[in-house]
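The numbers in our numbering rise by one with no breaks, and the one at position 323 of the sequence shown is 326.
Positions of the beta carbon are idealized from the N, C-alpha and C atoms, including for glycine.
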Amino acid sequence: MSLSAATLLLPAPDTAWRVWKPRASASTEAVESPAETAHLGKLLVIGLPAAACRTVGLILPQADSDLLEQILATQLERRGFKLEQDRAGKNYRWHLLGTQGGQSIVSVDLLTDPFPSALAAQHASDYTAALRLAQLPAGHLVIIEEQGDLVLAASHQGKLYHSHIFAQTPATEEALALEITLARLTLESELGIDSITGVALVGANFDRAICTRLSSVLELPVRIVADLAPNTALDTRDWGKMLPADIRHALITSTRRGKITRALVLGGMLYVSLAFLAFAYLHYQEQRAVRLTEEVELTKEPAAAVRQATQRWKALAPAIEPKRYPMFLLAEINRIMPGSGIVIREFEVKGTEIEIRGEARDAQLAVQFVEDIKKNRVLSRYQWTAPRPELKGTTATFRAQGKLL
Numbered sequence: 004m005s006l007s008a009a010t011l012l013l014p015a016p017d018t019a020w021r022v023w024k025p026r027a028s029a030s031t032e033a034v035e036s037p038a039e040t041a042h043l044g045k046l047l048v049i050g051l052p053a054a055a056c057r058t059v060g061l062i063l064p065q066a067d068s069d070l071l072e073q074i075l076a077t078q079l080e081r082r083g084f085k086l087e088q089d090r091a092g093k094n095y096r097w098h099l100l101g102t103q104g105g106q107s108i109v110s111v112d113l114l115t116d117p118f119p120s121a122l123a124a125q126h127a128s129d130y131t132a133a134l135r136l137a138q139l140p141a142g143h144l145v146i147i148e149e150q151g152d153l154v155l156a157a158s159h160q161g162k163l164y165h166s167h168i169f170a171q172t173p174a175t176e177e178a179l180a181l182e183i184t185l186a187r188l189t190l191e192s193e194l195g196i197d198s199i200t201g202v203a204l205v206g207a208n209f210d211r212a213i214c215t216r217l218s219s220v221l222e223l224p225v226r227i228v229a230d231l232a233p234n235t236a237l238d239t240r241d242w243g244k245m246l247p248a249d250i251r252h253a254l255i256t257s258t259r260r261g262k263i264t265r266a267l268v269l270g271g272m273l274y275v276s277l278a279f280l281a282f283a284y285l286h287y288q289e290q291r292a293v294r295l296t297e298e299v300e301l302t303k304e305p306a307a308a309v310r311q312a313t314q315r316w317k318a319l320a321p322a323i324e325p326k327r328y329p330m331f332l333l334a335e336i337n338r339i340m341p342g343s344g345i346v347i348r349e350f351e352v353k354g355t356e357i358e359i360r361g362e363a364r365d366a367q368l369a370v371q372f373v374e375d376i377k378k379n380r381v382l383s384r385y386q387w388t389a390p391r392p393e394l395k396g397t398t399a400t401f402r403a404q405g406k407l408l
């Protein structure tokens, strides 16, 4: 279907939800929760905030649709995401945004686990990320408020590529500048050096003067956008169903109950022909067994190719995981360094190992810096060892080594 024929429910900056009627140029109604939208009709698409729907960008090799989904599923499971699917739908949906340099640019929406029960609406026809439905400014990092959370989003050719929550509102200018800088480093390493051309602050809560200050710090044009209108021209005909587990289970149960009822009614009518049906079923199963045997023979080679490709991508994980890039790790170390008293002399990354050498004002400050490294959300994935700092005159020389768990 096209979104021009659907009613959209999108999160507001506060705790409310905005209703966008088909072909409307502005939101005409607000509700407190998705449960209050049963009166809006059957074609209701709920756009979820980033707190309920993660969006992850991936750069993958070019391949056909089936193989590409196999590869991205492996990547997501390695990152700790739990993928689910059944007859009623999935808890994720992926979008091919384009190709670049022989690689596929893919964006994946994933429902959080556990999914907030307050957002489950059985009358909804589909769920998606709210920013997936918006018209995003091409080449811009977007900062938007969603129900009290500040969300950073990046796009590829105006289509949502990645989003994440980085703070609660209001956030300081220093926090905004730091998050934009880190996101720009990561995204430009994936999408290209010239992929980020500006920053858009969405909403009425941003001060106009902040644009000039942030532009000076970031060396990027920064502008304020009043709102992001839904992209009603978005074609969703190829979208599979992305539904929370509770709704999928309810749909399966309802379908099963209907089938049981029909089976009981037809059972009496078909009792007389049971013997004939048994014979026909046995004959059908024999034919099916023959067909399945033939299909297994035909799929042996493609299945082996998929397994081989999966193993190769597992081996390439260190080269394509952004959180293991030296610049990203160095940025994390810079974040936890105190204002003074610590000097990094050497920083080296070899495969799954990191080595840091430096000097501190005293031994206590060196020990505390190593402890801060161990507690960092990114660097804590490494097993850190550090000998006792050596005192040389008025300074303490320290060394820390980390090995990826």
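Residue interval of the beta strand (DSSP E) (run including P305): Where P305 is concerned, there is no enclosing beta strand (DSSP E), although the alpha helix (DSSP H) it sits in stretches over L277 to A318.
According to the neighbour-count rule (16 or more other Cβ atoms, all chains shown, within 10 Å of its Cβ), is H42 buried or exposed? Residue environment: H42 is assigned as exposed (fewer than 16 neighbouring CB atoms within 10 Å of its CB, all protein chains considered).
On a CA-only basis, which of W20, Q65, L155 and G161 is nearest Q103? Give me that one, please. Of the listed residues, the one whose Cα sits closest to Q103 is Q65.
Helix, strand or coil for K353, going by three-state DSSP, please let me know. Note: K353 maps to strand in three-state DSSP.
When burial is assigned at 16 or more other CB atoms within 10 Å of the CB, is N208 buried or exposed? Note on N208: under 16 other CB atoms within 10 angstroms of its CB, so exposed under the neighbour-count rule.
Could you round the C-beta distance between L155 and S166 to whole angstroms and report it? I think they count as a contact, below 8 angstroms. Taking the Cβ atoms as the reference, L155 lies roughly 7 angstroms from S166, within the contact range of under 8 angstroms.
Which listed residue (V220, G195, R260 and L86) has its alpha carbon closest to that of V202: Among V220, G195, R260 and L86, the Cα nearest to that of V202 is on V220.
My understanding is that I359 touches F350, with C-beta atoms under 8 angstroms, so please give their C-beta distance in whole angstroms. Contact annotation, I359 with F350: C-beta distance approximately 6 angstroms; criterion of less than 8 angstroms satisfied.
Mind reading off the beta-carbon distance from E191 to I199? Whole number of angstroms is fine, and I expect it under 8 angstroms. Going by Cβ atoms, the distance from E191 to I199 rounds to 6 angstroms, so yes, they are a contact pair.
Using CA coordinates, which residue listed in K377, A306, D197 and P341 is at the minimum distance from S158? Closest by alpha carbon: D197.
Bridge partners for R402 per DSSP, in chain order? Answer is R360, bridged to R402.
From which residue to which residue does the alpha helix (DSSP H) around L70 run? Judged by DSSP secondary structure, L70 falls within the alpha helix (DSSP H) whose first and last residues are S68 to R81.
If contacts are defined as beta-carbon pairs under 8 angstroms, then A19 and A33 qualify, I think. What distance do you get, rounded to the angstrom? Right, their Cβ atoms sit about 5 angstroms apart.
DSSP puts W20 in a beta bridge; with which residues? Note: W20 is bridge-paired with P14 and V34 in the DSSP secondary-structure output.
Look at the Cβ atom of R96, then the Cβ atom of M245, and state whether they are nearer than 7 angstroms. Inclusion of R96 and M245 in the CB contact set at 7 angstroms is warranted, their separation being smaller than that value.
Mind checking which residues open and close the alpha helix (DSSP H) that includes F331? Annotation for F331: the continuous alpha helix (DSSP H) segment containing it runs P329 to I339.
Counted within 10 angstroms of its Cβ, other Cβ atoms place Q78 as buried (16 or more) or exposed: Around the C-beta of Q78, 16 or more other C-beta atoms lie within 10 Å, and the residue is accordingly described as buried.
So, using beta-carbon positions, are T388 and Q371 closer together than 7 angstroms? Taking 7 angstroms as the Cβ cut-off, T388 and Q371 do not qualify as a contacting pair.
Selected residue, minimal CA-CA separation from G60, among E362, A76, Y287 and E35: Check the Cα spacing between G60 and each of E362, A76, Y287 and E35: the tightest is with A76.
At a cut-off of 6 angstroms, is V59 close to the ligand GTP when judged by its beta-carbon and the heavy atoms of the ligand? By its list of ligands, the structure shown contains no ligand whatsoever, and the ligand GTP lies outside what it can speak to.
Give me the residue from P173, L188 and K406 with the minimum Cα distance to G354. Comparing Cα-Cα distances from G354 to each of P173, L188 and K406, the minimum goes to K406.
Since V111 sits in a beta bridge, which residues does DSSP pair it with? Looking at the DSSP output, V111 shares a beta bridge with V59 and W97.
Go ahead and pull the three-state DSSP assignment for T388. Secondary structure of T388 (DSSP, three-state): strand.
What residue range does the beta strand (DSSP E) around D129 cover? Where D129 is concerned, the enclosing beta strand (DSSP E) stretches over D129 to A132.
Report back the beta-carbon spacing between L12 and L46 to the nearest angstrom; my notes put them in contact at under 8 angstroms. Your pair L12 and L46 does not check out as a contact, with CB atoms roughly 11 angstroms apart and the cut at 8 angstroms.
Measure the alpha-carbon distance for T175 versus D210 and round it to whole angstroms. C-alpha separation (whole angstroms): 12 angstroms.
Per-residue DSSP class, three states only, for K395: If DSSP states are grouped into helix, strand and coil, K395 belongs with the strands.
Where the alpha helix (DSSP H) through H2 begins and ends: Here the chain has residues from 4 to 408 only, and residue 2 is not among them.
My output table needs one value for E177: the three-state DSSP class, helix, strand or coil. For E177, the secondary structure class from DSSP, reduced to helix, strand or coil, is helix.
Mind checking I376: buried by the 16 CB within 10 Å criterion, or exposed? When all chains shown are included, I376 counts as buried.
Less than 7 angstroms separating the beta-carbons of L136 and G243? Contact: no.
Between K85 and G361, what straight-line distance do the alpha-carbon atoms span, to the nearest angstrom? Straight-line Cα distance between these residues: approximately 40 angstroms.
At which residue ranges does the stretch 138-220 contain complete beta strand (DSSP E) runs of 3 or more residues, listed in the order of the chain? Counting only runs of 3 or more, we get 143-149, 152-159, 162-171 and 201-205.
Report all residues from its chain with a CB closer than 7 angstroms to the CB of G270; omit the five preceding and five following residues, and keep chain order. Excluding sequence neighbours, G270 sits near nothing in its chain.
Touching or not, the stretch 98-115 and the stretch 217-234, by the rule of three or more beta carbon pairs under 8 angstroms? Under the three-pair Cβ rule at 8 angstroms, the stretch 98-115 does not count as touching the stretch 217-234.
Give the DSSP-derived three-state secondary structure of T239 in the structure shown. Here T239 sits in coil by DSSP.
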